[in-house]
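Participant: Protein chains in written order, with this note's numbering: chain Y, 140 to 352; chain H, 140 to 352.
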DNA sequence: ACCAGGTCTTTTACTCGTAAAAGATGCTCG
DNA sequence: CGAGCATCTTTTACGAGTAAAAGACCTGGT
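#1: Does any C-beta atom of chain H lie closer than 8 Å to the C-beta of residue 196 of chain Y?
#2: Straight-line CA distance for residue 232 of chain H to residue 328 of chain H?
#3: Applying the criterion that 16 or more other CB atoms from any shown protein chain within 10 Å of the CB defines a buried residue, is residue 293 of chain H buried or exposed?
#4: Quick one: does residue 337 of chain Y have its CB under 8 Å from some CB of chain H?
#5: Quick one: what does DSSP say residue 256 of chain H is sitting in, helix, strand or coil?
#6: Have a look at Y:203, Y:196, Y:253, Y:192 and flag the residue whose alpha-carbon is nearest the alpha-carbon of residue 311 of chain H.
#7: Between the segment 328-346 of chain H and the segment 313-329 of chain Y, do at least 3 Cβ pairs fall closer than 8 Å?
#8: Is it the case that the Cβ atoms of residue 198 of chain Y and residue 206 of chain Y are separated by a distance below 8 Å?
#9: Between which two residues does the beta strand (DSSP E) harbouring residue 296 of chain Y extend?
#10: State the Cα-Cα distance for the pair residue 298 of chain H and residue 283 of chain H, rounded to the nearest angstrom.
#11: What residues from chain Y crowd round residue 311 of chain H, counting only those whose CB sits closer than 7 Å?
#12: Would residue 296 of chain H pass as an interface residue toward chain Y - the criterion being a Cβ-Cβ separation below 8 Å?
#13: Give every residue of the same chain whose Cβ lies closer than 8 Å to the Cβ of residue 286 of chain Y, excluding the five residues on either side of it in the sequence, and list them in chain order.
#14: For the beta strand (DSSP E) that contains residue 323 of chain Y, what are its first and last residues?
#15: At what residue ranges does the segment 220-258 of chain Y contain a whole run of the alpha helix (DSSP H), taking only runs of 4 or more?
#16: Could you tell me which of Y:279, Y:264, Y:190, Y:219 sits nearest to residue 241 of chain Y, measuring between CA atoms?
#17: Closest to residue 270 of chain Y by C-alpha separation, out of Y:245, Y:221, Y:256, Y:280, would be which residue?
#18: Using a Cβ cut-off of 8 Å (strictly closer), state whether residue 340 of chain H contacts chain Y.
#19: Can you name the start and end residues of the beta strand (DSSP E) that residue 266 of chain Y belongs to?
#20: Expressed to the nearest angstrom, what Euclidean distance is found between the alpha-carbon atoms of residue 215 of chain H and residue 215 of chain Y?
#21: Short check: CB of residue 222 of chain H to CB of residue 243 of chain Y, under 8 Å?
#22: Determine the chain Y residues that contact residue 187 of chain H at a beta-carbon separation under 7 Å, and present them in chain order.
#23: Is the beta carbon of residue 258 of chain Y sitting closer than 8 Å to the one on residue 335 of chain H?
#24: Can you confirm whether residue 265 of chain Y, when its beta carbon is compared against all beta carbons of chain H, has any partner nearer than 8 Å?
Pasting the structure below:
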């Protein structure tokens, strides 16, 4: 997760490697956030996820440890990974990657010009990454840049007409696609997940949250 | 996304790019999964997450669209991104990245020798990535490989004593760290999240789920 | 005015992961 | 038996992201 997103996918902002892109996570560290248990496995039934089996294996190895956190964190990580693969079909059709869409989306939702630095913060990515993406999106005619007259260090980036059309053309399909991915989830579950995740995310964001370079 | 994990983090398996993050998410596509709203924002209070603000912006732009999916998917992506940054402190201290830990963890939890292909499936990463990690972990003396006598195409990988010590030394700290990250989340919320995420993950994994190369 | 220090963006060097091709075996079937 | 195809792993080529340094530009104090 990377941590990239801009919202049709539900929310936040820019990409990440969730990223992760992974980041996914860059050269961070590597705790056990949920290795799957892709191998055969006995249980046939529904409702079995790979994380459950991995947790079972770990408990057998370390009977004394509390594996509770794995069941939440591992699942979030795994869900994010699968969602990012499944989620991006409409974007791919439009010839956009998620980080690119996140950037365009930030401009569209805020409705104003943004500087590269602001875009980096909105999309939770590094300034260097934004520079590269702007170069590509500019070459494709989706964004324009002009210098700020007041402060010549600063650039101001805005969507072109084609850029806005691209976002407006993809967004409905993206939201519909995400809706489809979540279908099959009981209505009750859907209603409960959002607030619970909001609480968790609020806590996580409370801490400074490792600002980007 | 990346999307790498092996469990202490809660779950699933290997990385992803998340990323991989990914992003994160590798070169997938880019729906709006939750661009943050890092900018000022008016609301001061607690319980405000960045995704909420992004959703608000999108709704203002597209009043007719159902932004519900964003509130779940965007938050999952953003949580995964933040968790992967916050989560890996103990691993870093041990000199391991998460993908490396995922690999070692797969060997530890299964308790047997695995082939590179099996490791790739367990850790949800590509075979090429496993090859590279095995080279590094082998050079550090954490894993050993020997040829399978029956089938010389196949390699068999196992933890060395040092490798097992590394996992056993880090795992408790990692779980404790993850527990700390989740503290602050009400006990009720903690109890509800795991089964809800399990249901979602089960659905997501039901589909083939883009097998790795 | 000048200069030390800070801000904003881009560039550079590097790492990591992937996809696709290449190698090396094993297996089946005529 | 051996040709052709499948399987397992590694290699190659490349794209993307990051951190850190470099550039360019403001600003406040003296």
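Virtual Cβ for every residue (Gly too), placed ideally from N, Cα, C. None of these values were measured; they are calculated from a predicted model.
Facilitator: Inspection of the coordinates gives the following:
#1: Against the first chain, residue 196 of chain Y aligns to sequence position 57. Flagged as an interface residue toward chain H: residue 196 of chain Y, by a C-beta distance shorter than 8 Å.
#2: Locating residue 232 of chain H in the second chain gives position 93, counting from the first residue. Locating residue 328 of chain H in the second chain gives position 189, counting from the first residue. Computed Cα separation, rounded: 30 Å.
#3: For the purposes of this step, residue 293 of chain H is taken as residue 154 along the second chain, with counting starting at 1. Classification of residue 293 of chain H: exposed, given that the 10 Å Cβ count is below 16.
#4: Within the first chain, the letter at position 198 stands for residue 337 of chain Y. It does; some Cβ of chain H falls within 8 Å.
#5: Residue 256 of chain H sits at position 117 when you count from the first residue of the second chain. Three-state result, residue 256 of chain H: helix.
#6: For this step, residue 311 of chain H is matched to residue 172 along the second chain. That would be Y:203, whose Cα lies nearest to the Cα of residue 311 of chain H.
#7: Yes, the segment 328-346 of chain H touches the segment 313-329 of chain Y.
#8: Sequence index remark: in the first chain, residue 198 of chain Y carries index 59 (1-based). Sequence index remark: in the first chain, residue 206 of chain Y carries index 67 (1-based). Yes.
#9: By 1-based counting over the first chain, the position of residue 296 of chain Y is 157. Note, residue 296 of chain Y: beta strand (DSSP E), 294-298.
#10: The residue given as residue 298 of chain H occupies position 159 in the second chain. The residue given as residue 283 of chain H occupies position 144 in the second chain. Residue 298 of chain H and residue 283 of chain H: Cα-Cα distance of roughly 6 Å.
#11: Along the second chain, read from residue 1 onward, the residue named residue 311 of chain H stands at position 172. For the C-beta of residue 311 of chain H, the chain Y residues within less than 7 Å are, from N- to C-terminus, 204.
#12: As a first step, residue 296 of chain H is located in the second chain; it is residue number 157 there, counting from the start. No, residue 296 of chain H lies away from the interface with chain Y (no Cβ there is under 8 Å from its Cβ).
#13: Position 147 of the first chain, counting from 1, holds the residue named residue 286 of chain Y. Result list for residue 286 of chain Y: 293, 294, 295, in chain order.
#14: As a position in the first chain, residue 323 of chain Y is number 184, starting the count at 1. For residue 323 of chain Y, there is no enclosing beta strand (DSSP E), as DSSP gives it neither H nor E.
#15: You should have 228-232, 237-249.
#16: Looking up residue 241 of chain Y in the first chain gives position 102. Measuring C-alpha to C-alpha distances from residue 241 of chain Y to each of Y:279, Y:264, Y:190, Y:219 identifies Y:264 as the nearest.
#17: The residue labelled residue 270 of chain Y in the question sits at position 131 within the first chain. Closest option to residue 270 of chain Y, judged by alpha-carbon separation, among Y:245, Y:221, Y:256, Y:280: Y:256.
#18: On the second chain, residue 340 of chain H is found 201 positions in, with the first residue counted as 1. Taking Cβ atoms only, chain Y reaches closer than 8 Å to residue 340 of chain H, which makes this a yes.
#19: Residue numbering aside, residue 266 of chain Y sits at position 127 when the first chain is read from its first letter. Note, residue 266 of chain Y: premise wrong, no beta strand (DSSP E); alpha helix (DSSP H) at 266-278.
#20: For the purposes of this step, residue 215 of chain H is taken as residue 76 along the second chain, with counting starting at 1. For the purposes of this step, residue 215 of chain Y is taken as residue 76 along the first chain, with counting starting at 1. Approximately 6 Å between the Cα atoms of the pair.
#21: In the second chain, residue 222 of chain H corresponds to position 83, counting from 1. In the first chain, residue 243 of chain Y corresponds to position 104, counting from 1. No, Cβ-Cβ distance for residue 222 of chain H and residue 243 of chain Y is not below 8 Å.
#22: In the second chain, the residue the question calls residue 187 of chain H occupies position 48. The CB of residue 187 of chain H comes closer than 7 Å to the CB of 341 in chain Y, given here in chain order.
#23: Along the first chain, one-based indexing puts residue 258 of chain Y at 119. Along the second chain, one-based indexing puts residue 335 of chain H at 196. Contact flag unset, no.
#24: Walking along the first chain from the start, residue 265 of chain Y turns up at place 126. Not one chain H Cβ lies under 8 Å of residue 265 of chain Y.
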